[in-house]
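Student:
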Amino acid sequence: MQHVELARSGREERRAVWFRRGVLAAFSIPGLILVSAFVGFAGLARDAGLTLAQAVFMTGVVWALPGKVVLVGAILSGNGLPAAALAVALSSVRLAPMVVALTPEMRTPRTPAWVLYALSHFVAVTSWVLAMQQFRHVPRSMRTTYYAGLGATLVLVNMGVVAVVFAIAGRLPPAVSAALFFLTPMYFLTSLWGSARERAGQVAMVLGLVLGPVFHLLLPEFDLLAAGLVAGLAAFAIHLSAARRGGV
Amino acid sequence: MTFTAIDAWWWPYLFILVAGWLATDFWRFLGVYLGGRISEDSQLIVLVRCIATALVAAVIANLVLFPSGALAATPPLLRAAAGLTGFAAYLASGKSVPVGIVAGEAVLGAGLLLA
Numbered sequence: 169m170q171h172v173e174l175a176r177s178g179r180e181e182r183r184a185v186w187f188r189r190g191v192l193a194a195f196s197i198p199g200l201i202l203v204s205a206f207v208g209f210a211g212l213a214r215d216a217g218l219t220l221a222q223a224v225f226m227t228g229v230v231w232a233l234p235g236k237v238v239l240v241g242a243i244l245s246g247n248g249l250p251a252a253a254l255a256v257a258l259s260s261v262r263l264a265p266m267v268v269a270l271t272p273e274m275r276t277p278r279t280p281a282w283v284l285y286a287l288s289h290f291v292a293v294t295s296w297v298l299a300m301q302q303f304r305h306v307p308r309s310m311r312t313t314y315y316a317g318l319g320a321t322l323v324l325v326n327m328g329v330v331a332v333v334f335a336i337a338g339r340l341p342p343a344v345s346a347a348l349f350f351l352t353p354m355y356f357l358t359s360l361w362g363s364a365r366e367r368a369g370q371v372a373m374v375l376g377l378v379l380g381p382v383f384h385l386l387l388p389e390f391d392l393l394a395a396g397l398v399a400g401l402a403a404f405a406i407h408l409s410a411a412r413r414g415g416v
Numbered sequence: 007m008t009f010t011a012i013d014a015w016w017w018p019y020l021f022i023l024v025a026g027w028l029a030t031d032f033w034r035f036l037g038v039y040l041g042g043r044i045s046e047d048s049q050l051i052v053l054v055r056c057i058a059t060a061l062v063a064a065v066i067a068n069l070v071l072f073p074s075g076a077l078a079a080t081p082p083l084l085r086a087a088a089g090l091t092g093f094a095a096y097l098a099s100g101k102s103v104p105v106g107i108v109a110g111e112a113v114l115g116a117g118l119l120l121a
């Protein structure tokens, strides 16, 4: 009896240790870069006419920054709910394969399904990259605990960052506000290029940069959807024809 | 049915839940459900990545060219120059995101100080 109790308390202690290590992993260079991106997002959300509560709510429920930036972009363009939802959904499909890659890394035969569904909400680029790097140093049975610490910390810290920056943004001099709003485009202009797995991703990025403003003038109601679909499909077509010419 | 279409406190939250939460967590939950059944390298995933990247790039270009608020008061040429310089610095530094961000912000800041 006592033996079992002891083993259980030992396991719980071990869980606390690995949870704490996950929390600490959030305070790293990638975590810091992410905070700067959320500083920019707070400025963007304020500019789009959102309230502080709405911006913090959006940070918690959407979490992935590309989806949020597309959502705010759709709100700014005056897109209707179906067009906005479709644009956000299309910009977030990539989350599915990321989760597919991450889940087997932290699953054990005894992991309940609801734990995996709950933890999948924390999946976005930064936590995913950190987890994929760190998991080999984490015992398999502790990985869900570790990821819970890491993911929850990143989400909560950045909800706090959004709230604080949102609250003080109105009192900043115009030049500082301008620099703040410029953080989001600068962050994505650089990180998007680096995260492209293949040449096609970079082609899609350049085409999207050109077609975004074009469709903003031509089709303001559906600018993001039109630019994403046309540029994405064109980049994919170029990718297929290059593969056919180069390979096989 | 835009973000400001209904004048009630709950409408923006519902908008965010449907267009934001549902549109993103749907894919995360699908990822858990599918488990190991789709591969990162399949052609379908390449297409998905292309569309997602182009969508975000379109938003970024619109934020630089048609901004609102404080950024709207800055000259468009300065914003474009800052973006291009930051991107060039990112490539020159061996793809360092912080270097790219700092370089772009420096050009924007210098331009605003001199104006």
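Line by line, the protein sequences give chains A and B. Every letter in the first sequence is one number past the one before it in our numbering, and letter 55, counting from 1, is 223. Every letter in the second sequence is one number past the one before it in our numbering, and letter 29, counting from 1, is 35. Cβ coordinates follow ideal geometry from the N, Cα and C atoms, glycine included. None of the values given here were measured: they were computed from a predicted structure.
1) Whole angstroms is fine: what's the gap from alanine 60(B)'s alpha carbon to arginine 182(A)'s?
2) If leucine 244(A) and phenylalanine 349(A) are in contact, beta carbons under 8 Å, what's the gap, nearest whole angstrom?
3) Let me see if you follow: with CB-CB separation under 9 Å, is alanine 64(B) close to chain A or not?
4) Going along the chain, which residues of its own chain have a beta-carbon closer than 7 Å to the beta-carbon of valine 416(A), five neighbours each way excluded?
5) Isoleucine 51(B) versus chain A: which residues are under 7 Å apart at the beta carbon?
6) For chain B, is any of its Cβ atoms less than 9 Å away from the one on tyrosine 315(A)?
7) Which ranges does the beta strand (DSSP E) cover as unbroken runs of at least 3 residues, wholly within the stretch 348–411 of chain A, from first to last along the chain?
8) Would you mind sorting histidine 384(A) into buried or exposed? The rule is 16 or more other CB atoms within 10 Å of its CB.
9) Could you pull out every residue in the same chain whose Cβ sits closer than 6 Å to the Cβ of valine 70(B), ignoring the five residues on either side in sequence?
10) Looking at C-alpha atoms only, which residue of Leu263(A), Thr276(A) and Leu249(A) is the closest neighbour of serine 288(A)?
11) With 16 as the cutoff for other CB atoms within 10 Å, does histidine 305(A) come out buried or exposed?
12) Sorted by chain position, which residues of the same chain lie with C-beta nearer than 7 Å to leucine 120(B)'s C-beta, five sequence neighbours on each side aside?
13) Counting C-beta neighbours from all protein chains within 10 Å, is the total for leucine 270(A) 16 or more, i.e. buried, or is it exposed?
14) If the cut is a Cβ gap below 8 Å, which residues of chain B does asparagine 326(A) touch?
15) Under the three-state reduction of DSSP, which class applies to methionine 7(B): helix, strand or coil?
16) Can you give the Cα-Cα distance for arginine 275(A) and threonine 312(A), rounded to whole angstroms?
17) In chain B, what lies closer than 7 Å to arginine 262(A) by C-beta?
18) Should tryptophan 16(B) be flagged as near chain A, meaning a C-beta pair shorter than 9 Å?
19) Does any CB atom of chain B fall closer than 9 Å to the CB of serine 295(A)?
20) Enumerate in chain order the residues of its own chain whose CB-to-CB distance from leucine 202(A) is below 6 Å, with the five nearest sequence positions on each side excluded.
21) Can the beta-carbon of isoleucine 66(B) be found less than 9 Å from the beta-carbon of glycine 228(A)?
22) Taking all protein chains shown into account, do 16 or more other C-beta atoms lie within 10 angstroms of the C-beta of glutamine 222(A), making it buried, or fewer, making it exposed?
23) Which word fits glycine 106(B), buried or exposed, when buried means at least 16 other C-beta atoms lie within 10 angstroms of its C-beta?
24) Could you pull the start and end residues of the alpha helix (DSSP H) that aspartate 13(B) belongs to?
25) Under the rule that 16 or more other beta-carbon atoms within 10 Å means buried, what is glutamate 180(A), buried or exposed?
26) Sorted by chain position, which residues of the same chain lie with C-beta nearer than 7 Å to alanine 95(B)'s C-beta, five sequence neighbours on each side aside?
27) Considering only the beta carbon of each residue, do leucine 217(A) and threonine 80(B) sit closer than 9 Å?
28) Within 9 Å of any Cβ in chain B, is that where the Cβ of valine 416(A) sits?
29) For arginine 34(B), is the beta carbon positioned less than 8 Å from some heavy atom of the ligand ATP?
30) Along chain B, in chain order, which residues have C-beta atoms closer than 7 Å to that of serine 409(A)?
31) Rounded to whole angstroms, what is the Cα-Cα separation between tryptophan 17(B) and valine 24(B)?
32) Classify tryptophan 231(A) as helix, strand or coil using the three-state DSSP reduction.
33) Is valine 416(A) helix, strand or coil when you go by DSSP?
34) For leucine 20(B), name the three-state secondary structure that DSSP assigns.
35) Taking the continuous alpha helix (DSSP H) assigned at tryptophan 123(B), which residues delimit it?
36) Determine the closest residue to alanine 116(B) out of Phe209(A), Val325(A), Ala346(A) and Ala337(A), with distance taken between C-alpha atoms.
Tutor: Inspection of the coordinates gives the following:
1) Position 54 of the second sequence, counted from the first residue, corresponds to residue 60(B). Position 14 of the first sequence, counted from the first residue, corresponds to residue 182(A). Between alanine 60(B) and arginine 182(A), the C-alpha separation is close to 44 Å.
2) On the first sequence, residue 244(A) is found 76 positions in, with the first residue counted as 1. On the first sequence, residue 349(A) is found 181 positions in, with the first residue counted as 1. About 12 Å; that fails the 8 Å criterion.
3) Residue mapping note: residue 64(B) aligns to position 58 of the second sequence, counting from 1. True, the Cβ-Cβ gap to chain A drops below 9 Å.
4) Residue numbering aside, residue 416(A) sits at position 248 when the first sequence is read from its first letter. Since pLDDT at valine 416(A) reaches only 45, below the 50 mark, its modelled position is unreliable, and the value read off the structure follows with that caveat. Nothing listed; no residue qualifies.
5) Counted from its first residue, the second sequence places residue 51(B) at position 45. Neighbours of isoleucine 51(B) on chain A, chain order: Pro265.
6) Here residue 315(A) refers to the residue found at position 147 when the first sequence is read from its first residue. So no, tyrosine 315(A) is outside the interface.
7) none
8) On the first sequence, position 216 is the one that residue 384(A) refers to. So histidine 384(A) ends up on the buried side.
9) Within the second sequence, numbered from 1, the residue matching residue 70(B) stands at position 64. Around valine 70(B): Arg85 and Gly89.
10) In the first sequence, residue 288(A) corresponds to position 120, counting from 1. Nearest C-alpha to serine 288(A): Leu263(A).
11) Taking the first residue of the first sequence as position 1, residue 305(A) is located at position 137. By the neighbour-count rule (16 or more Cβ atoms within 10 Å), histidine 305(A) is not buried but exposed.
12) Position 114 of the second sequence, counted from the first residue, corresponds to residue 120(B). Result list for leucine 120(B): empty, nothing under 7 Å.
13) Position 102 of the first sequence, counted from the start, is the residue given in the question as residue 270(A). It is buried - the Cβ of leucine 270(A) has at least 16 other Cβ atoms within 10 Å.
14) Here residue 326(A) refers to the residue found at position 158 when the first sequence is read from its first residue. Neighbours of asparagine 326(A) on chain B: none; closest Cβ ~15 Å, over 8 Å.
15) By 1-based counting over the second sequence, the position of residue 7(B) is 1. Reduced to three states, the DSSP call for methionine 7(B) is coil.
16) Looking up residue 275(A) in the first sequence gives position 107. Looking up residue 312(A) in the first sequence gives position 144. Between arginine 275(A) and threonine 312(A), the C-alpha separation is close to 7 Å.
17) Walking along the first sequence from the start, residue 262(A) turns up at place 94. Here the neighbours are Val54, Arg55 and Ala58.
18) As a first step, residue 16(B) is located in the second sequence; it is residue number 10 there, counting from the start. Taking Cβ atoms only, chain A never reaches closer than 9 Å to tryptophan 16(B), which makes this a no.
19) What you label residue 295(A) is simply residue 127 of the first sequence in a count that begins at 1. So no, serine 295(A) is outside the interface.
20) Here the question's residue 202(A) lines up with position 34 in the first sequence. Contacts found: Thr294.
21) For the purposes of this step, residue 66(B) is identified with residue 60 of the second sequence, where counting begins at 1. For the purposes of this step, residue 228(A) is identified with residue 60 of the first sequence, where counting begins at 1. Contact flag unset, no.
22) The sequence position of residue 222(A) within the first sequence is 54, counting from 1. Result: buried.
23) Sequence index remark: in the second sequence, residue 106(B) carries index 100 (1-based). Glycine 106(B) should be labelled buried.
24) Taking the second sequence and counting its residues from 1, the one referred to as residue 13(B) is at position 7. Unbroken run through aspartate 13(B): none, as it is neither H nor E.
25) Within the first sequence, the letter at position 12 stands for residue 180(A). Its Cβ having fewer than 16 others within 10 Å, glutamate 180(A) is exposed.
26) Locating residue 95(B) in the second sequence gives position 89, where the first residue counts as 1. Closer than 7 Å at Cβ, skipping near neighbours: Val105, Gly106 and Ala109.
27) The sequence position of residue 217(A) within the first sequence is 49, counting from 1. The sequence position of residue 80(B) within the second sequence is 74, counting from 1. At residue 217(A) the sequence reads glycine, which differs from the leucine that was named. It is not a contact, given that the beta carbons lie outside the stated cut-off.
28) As a position in the first sequence, residue 416(A) is number 248, starting the count at 1. Note that valine 416(A) scores a pLDDT of 45, beneath 50, so its modelled location is shaky and nothing firm can be said.
29) Of the ligands one can find in the structure shown there are none, so the ligand ATP has no counterpart to examine.
30) As a working note, residue 409(A) is residue 241 in the first sequence. Neighbours of serine 409(A) on chain B: none; closest Cβ ~13 Å, over 7 Å.
31) As a first step, residue 17(B) is located in the second sequence; it is residue number 11 there, counting from the start. As a first step, residue 24(B) is located in the second sequence; it is residue number 18 there, counting from the start. About 11 Å.
32) What you label residue 231(A) is simply residue 63 of the first sequence in a count that begins at 1. Here tryptophan 231(A) sits in coil by DSSP.
33) Taking the first sequence and counting its residues from 1, one reaches residue 416(A) at position 248. The pLDDT assigned to valine 416(A) is 45, lower than 50, so where the model puts this residue is not dependable; a value taken from the coordinates is nonetheless given after this. In the structure shown, valine 416(A) sits in coil (DSSP, three-state: anything other than H, G, I, E or B).
34) Locating residue 20(B) in the second sequence gives position 14, counting from the first residue. Residue state, collapsed to three classes: helix.
35) Because chain B here runs from 7 to 121, residue 123(B) falls outside it and cannot be looked at.
36) Within the second sequence, numbered from 1, the residue matching residue 116(B) stands at position 110. Here the closest residue by C-alpha is Ala346(A).
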